[in-house]
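Enquirer: Residue numbers (numbering that gives the first Met the number 0): 0 to 514. Glycine residues also receive a C-beta, built at the ideal position from the N, C-alpha and C atoms. All values reported here derive from a predicted model rather than from experimental measurement.
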Amino acid sequence: MKKQQYKFILFIALIGLFTLSSNSIYSTAQTSLDDDSSLYHQIVDYDPNYYSFNVTPGKYAVVSFRSGDASLDGYLFGDLGYTIQLGETYIHYFTEIDWREVGFFTIDGTDLSEVTTYYARAGQESPTLGNYYWIELENGESSGVQSINVGEQLGGSFSLGEVIDSYQVYLHSNKTYSIELDVPSDKTFDLYLCKGISDEDSSLGESRSNSLGADESIVRSVPADGYYCIVVTNPDYTTGSYNIKINELGDDNPKYSTTYDSNGGLTTYAAIARANKYCIIGVRGGPSWGPTIILYEDLGHTIELLSTSAQYRDSEIMWDEVAFLTFDATNLIQDKALFVQFTTSSVNYVYHWIEIENGDGTGLQEISPGDTVNGGFTSNEVFDSYLISLESTKSYNISLTVPVDKTFDLFIGHGIFSETSADASSHSDSPGANEEISSFNPAYTGDYVIIVSNPDYSSGNYVLEISTEVEDGDGNGAGIPGYNISILISFAFVFCMFSIGLIRKKLKLVNFIND
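1. Does DSSP classify Ser261 as helix, strand or coil?
2. Between which two residues does the beta strand (DSSP E) holding Tyr176 run?
3. On the CB-based measure, 16 or more other CB atoms within 10 Å of its CB, does Pro454 come out buried or exposed?
4. Run through the DSSP bridge pairs and tell me what Asp408 is partnered with.
5. Indicate the three-state DSSP secondary structure (helix, strand or coil) for Thr109 in the structure shown.
6. Between the segment 194-202 and the segment 143-154, do three or more beta carbon pairs fall short of 8 Å?
7. Would you please state the rounded distance, in angstroms, between the beta carbons of Tyr226 and Tyr166? I believe it to be under 8 Å.
8. Would you kindly work out how many angstroms separate the C-alpha atoms of Asp224 and Ser156, rounded to a whole number?
9. Find out if the Cβ-Cβ distance for the pair Tyr59, Thr105 is shorter than 8 Å.
10. Helix, strand or coil, according to DSSP, for Ser458 in the structure here?
11. Just verifying my parser: in three-state terms, what is the DSSP assignment at Ser158?
12. What separation, rounded to the nearest whole angstrom, lies between the Cα atoms of Thr257 and Val54?
13. Where does Val101 land, buried or exposed, given buried means 16+ other C-beta within 10 angstroms?
14. Grouping DSSP H, G and I as helix and E and B as strand, with all else coil, what is Tyr191?
15. Compute the distance between the beta-carbons of Ala269 and Cys278, then report whether it is under 8 Å.
16. Is the separation between the beta-carbon of Asp189 and that of Asn242 shorter than 8 Å?
17. Buried or exposed, going by whether 16 or more other CB atoms sit within 10 Å of the CB of Ile302?
18. What is the DSSP secondary structure of Ala272, counted as helix, strand or coil?
19. Could you check whether Ser172 and Pro222 sit closer than 8 Å to each other, using their CB atoms as the reference points?
20. On the premise that Leu136 lies in contact with Val62, defined as a C-beta separation below 8 Å, what is that separation, rounded to the nearest angstrom?
21. Since I believe Phe407 is in contact with Glu434 (beta carbons under 8 Å), could you give me their beta-carbon distance rounded to a whole number of angstroms?
22. Alpha carbon to alpha carbon, what distance is there between Val462 and Asn396?
23. What are the start and end residues of the beta strand (DSSP E) that includes His413?
24. For Glu179, which residues from the same chain have a beta carbon less than 6 Å from its beta carbon, with the 5 sequence-adjacent residues on both sides left out?
25. Over what stretch of residues does the beta strand (DSSP E) that includes Tyr118 continue unbroken?
26. According to DSSP, is Pro222 helix, strand or coil?
27. Quick check: the segment 417-431 against the segment 370-380, are at least 3 beta-carbon pairs closer than 8 Å?
28. For my contact list, Val516 and Phe382 are in at a C-beta cut-off of 8 Å; report their separation, rounded to the angstrom.
29. Indicate whether Gly369 and Ile465 have their beta-carbon atoms separated by less than 8 Å.
30. According to the neighbour-count rule (16 or more other Cβ atoms, all chains shown, within 10 Å of its Cβ), is His91 buried or exposed?
31. In the structure shown, what three-state DSSP assignment does Glu356 receive?
32. Who are Gln364's beta bridge partners in DSSP?
33. Across which residues does DSSP place Ile83 in a beta bridge pair?
34. Tell me whether Asp515 is buried or exposed, calling it buried when 16 or more other Cβ atoms sit within 10 Å of its Cβ.
35. If you drop the 5 nearest sequence neighbours on each side, which residues of the same chain put their C-beta closer than 6 Å to that of Leu331?
36. Whose CA, out of Lys276, Val448, Ser437, lies closest to the CA of Gly358?
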């Protein structure tokens with residue numbers, strides 16, 4: 000073998016040894032990832048490398064990873080010795096036709112008092128020849144994390160190489176927010192809401208779909224006042240523009256919403272249940288058949304409180320109804336966010352109205368037995384609700400006087416219920432038919448809700464009357480018709496006094512004879 004060939008082989012071997020020694024899986028080589036350098040790193044590597052970056056007080060920072068042609072481990076550390084591991088994420092990559100992920104960590108610099116250095120590690124425990132990945136940093140200095148305000152809409156875009164966009168926003172714990180991401184028809188961008196050191200697996204909320212052009216939406220309240228981070232990810236690693244907006248929701252919004260959906264599907268609304276009050280949510284649809292309404296108590300939709308399937312008008316000659324869900328917050332010590340989902344399988348144009356009433360001055364009125372209420376609907380109203388306190392020892396009559404050309408319905412119940420699970424109801428398809436719930440015996444003493452619904456979605460007035468029918472002293476809710484317990488007590492008292500008088504007279508007569 001020629002001398003030149005030996006030199007070339009020795010040179011290649013030295014390069015290989017240098018590569019193995021510097022890129023060992025135990026390597027602690029550091030690469031700066033500050034915002035003065037290129038944000039997007041495409042690196043051919045076989046082992047974990049550590050990237051250092053600084054987080055500025057008062058600002059969020061987001062560090063993200065995306066894998067190349069193999070799986071990838073991403074870690075976040077909080078100290079130079081890499082002994083404090085703050086988070087771990089596992090990113091997959093398969094083929095062009097399979098799904099991919101973006102892994103990220105958000106660091107809340109709003110709690111920091113001075114500039115703090117963090118360390119990110121990207122790599123694999125099992126080396127794969129030719130593996131590559133992208134790592135991107137955004138923070139609030141100048142390189143990515145933008146500020147967005149509630150009620151604001153911003154336009155964003157991804158260029159080739161960008162994995163994430165992030166936005167810092169200040170939110171209040173007593174509010175409910177809707178974060179919406181408008182996605183181009185040929186893209187699959189995803190949406191997350193985060194707080195503190197978190198990743199996509201520990202985010203406060205997420206919305207992601209593999210369907211091209213599917214818009215993303217997060218609706219939720221937050222646990223505490225403070226700054227939060229909204230993250231938009233680009234899992235397909237493509238270019239494209241989007242719009243992101245955040246709005247405050249709840250019963251301060253207009254009660255009547257009209258939404259058109261050309262593809263059918265699901266819409267989520269948020270409402271605030273006020274402590275010690277009832278909250279009622281009503282929905283009525285347009286030309287759609289068989290939508291389902293579900294009430295949830297938490298963001299993850301893991302606690303389903305109630306579900307109702309309602310059939311809505313499909314033509315002028317078919318009957319329709321109002322579906323409503325009630326939430327009993329009379330035992331709550333603080334306000335709670337509720338989430339209601341409206342779903343339909345129709346692919347035609349679907350529209351619906353949603354109305355929220357609660358006891359905080361936005362619809363749910365308080366009345367008492369013996370009251371007569373003159374109520375009415377405008378053309379936008381779906382239902383009226385009334386809070387009333389009833390006693391289990393009494394029986395009640397509830398009557399609804401309906402206009403001759405209307406078909407209003409009547410329901411009463413307690414706790415969490417819908418029109419299909421009300422304690423009692425009265426509804427008729429005949430125009431002008433008055434509704435009546437007779438001899439209603441409450442199961443317990445406490446708050447109940449009376450609901451008048453407007454299935455024809457028409458304007459009109461009505462009269463609601465509540466009267467106490469009977470009272471029973473033994474607590475069984477039944478008694479002697481026509482008698483009041485106070486009269487019976489008075490009669491018993493007079494009878495006793497009369498008996499005592501007779502006895503005294505008899506004793507005097509006996510004493511007189513003895514004398």
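Expert: Taking the geometry as given:
1. Per-residue confidence for Ser261 stands at a pLDDT of 44, beneath the threshold of 50, marking its modelled position as unreliable; no derived number is given.
2. Residues 175-181.
3. That one is buried.
4. Under DSSP, Asp408 shares a beta bridge with Ser452.
5. The answer is helix: DSSP assigns Thr109 an H, G or I state.
6. The segment 194-202 vs the segment 143-154: no contact.
7. For a cut-off of 8 Å, the C-beta gap from Tyr226 to Tyr166 is around 11 Å, too long to register as a contact.
8. When only Cα atoms are considered, Asp224 and Ser156 end up about 29 Å apart.
9. At the C-beta level, Tyr59 and Thr105 come within 8 Å of one another.
10. Here Ser458 sits in coil by DSSP.
11. The three-state secondary structure of Ser158, taken from DSSP, is coil.
12. Residue placement at Thr257 is flagged as unreliable, the pLDDT there being 49, under the threshold of 50; a coordinate-derived value is accordingly withheld.
13. Val101 sits buried, since 16 or more C-beta atoms from the chains shown fall within 10 Å of its C-beta.
14. Collapsing the DSSP output to three states places Tyr191 in a strand.
15. Against a cut-off of 8 Å, the Cβ pair of Cys278 and Ala269 comes out as no contact.
16. Result no, Cβ atoms of Asp189 and Asn242 do not sit closer than 8 Å.
17. Exposed, since its Cβ has fewer than 16 Cβ neighbours within 10 Å.
18. In the displayed model, Ala272 falls within a strand according to three-state DSSP.
19. In contact: Pro222 and Ser172 (Cβ atoms closer than 8 Å).
20. Confirmed, Cβ separation roughly 5 Å.
21. Yes, Glu434 and Phe407 are in contact; Cβ-Cβ is about 7 Å, under 8 Å.
22. Answer to the nearest angstrom: the Cα atoms are 14 Å apart.
23. Taken as a continuous stretch (DSSP letters only), His413 belongs to no beta strand (DSSP E), as it is neither H nor E.
24. These residues qualify, in order along the chain: Ser216, Lys244.
25. Here the beta strand (DSSP E) through Tyr118 covers 115-122.
26. Pro222 falls in the coil class under three-state DSSP.
27. No contact exists between the segment 370-380 and the segment 417-431.
28. Past the edges of the chain, shown from 0 to 514, lies residue 516, and the structure says nothing about it.
29. Contact flag set, yes.
30. By the 10 Å Cβ count, His91 comes out exposed.
31. The answer is strand: DSSP assigns Glu356 an E or B state.
32. Gln364 pairs with Tyr385.
33. Bridge partners of Ile83: none, in fact.
34. No answer is possible for residue 515: the residues shown for the chain start at 0 and end at 514.
35. Excluding positions up to five away in sequence, the list reads Ala274.
36. The residue among Lys276, Val448, Ser437 with its C-alpha nearest the C-alpha of Gly358 is Lys276.
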